[in-house]
Amino acid sequence: MINIIPFEFESNKIRTIADKDGSIWFVAKDVAGALDYGRPRDAVNTHCKGGGKTPLP
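For the sequence shown, this note's numbering begins at 17 and goes up steadily by one.
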């Protein structure tokens, strides 16, 4: 089961999850939105290399 942990950055809500090892992962779409990227998917594809994808409930 994935435990979603809410986080806030300058009044922007950002979802985080803890993996089985206890590492914290940020939801890239939420981070890109908080940084005012107009097209979050493009920003993630351009700037995030080597990350993983985890479906959220």
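We treat Cβ as the ideally placed atom computed from N, Cα and C, and that holds for glycine.
Assign residue i to one of two classes, buried (16 or more other C-beta atoms within 10 Å of its C-beta) or exposed (fewer than that).
i: A78; result: Beyond the ends of the chain as shown, which are 17 and 73, falls residue 78; an answer cannot be given.
i: I30; result: buried
I'd like the span of the alpha helix (DSSP H) that includes residue i, first residue to last.
i: R57; result: P56 to H63
i: D46; result: A44 to A50
DSSP state of residue i, grouped into three classes?
i: K69; result: coil
Is the beta carbon of residue i less than 7 Å from the beta carbon of residue j?
i: Y53; j: A44; result: no
i: H25; j: A48; result: With the sequence shown as reference, residue 25 is identified as Phe, and His is not the correct amino acid for it. No; because the gap between Cβ atoms is not below 7 Å, this pair is not in contact.
i: T32; j: I21; result: yes
Span of the beta strand (DSSP E) holding residue i?
i: K29; result: N28 to A34
i: I18; result: First-last for I18: undefined, no H or E at that position.
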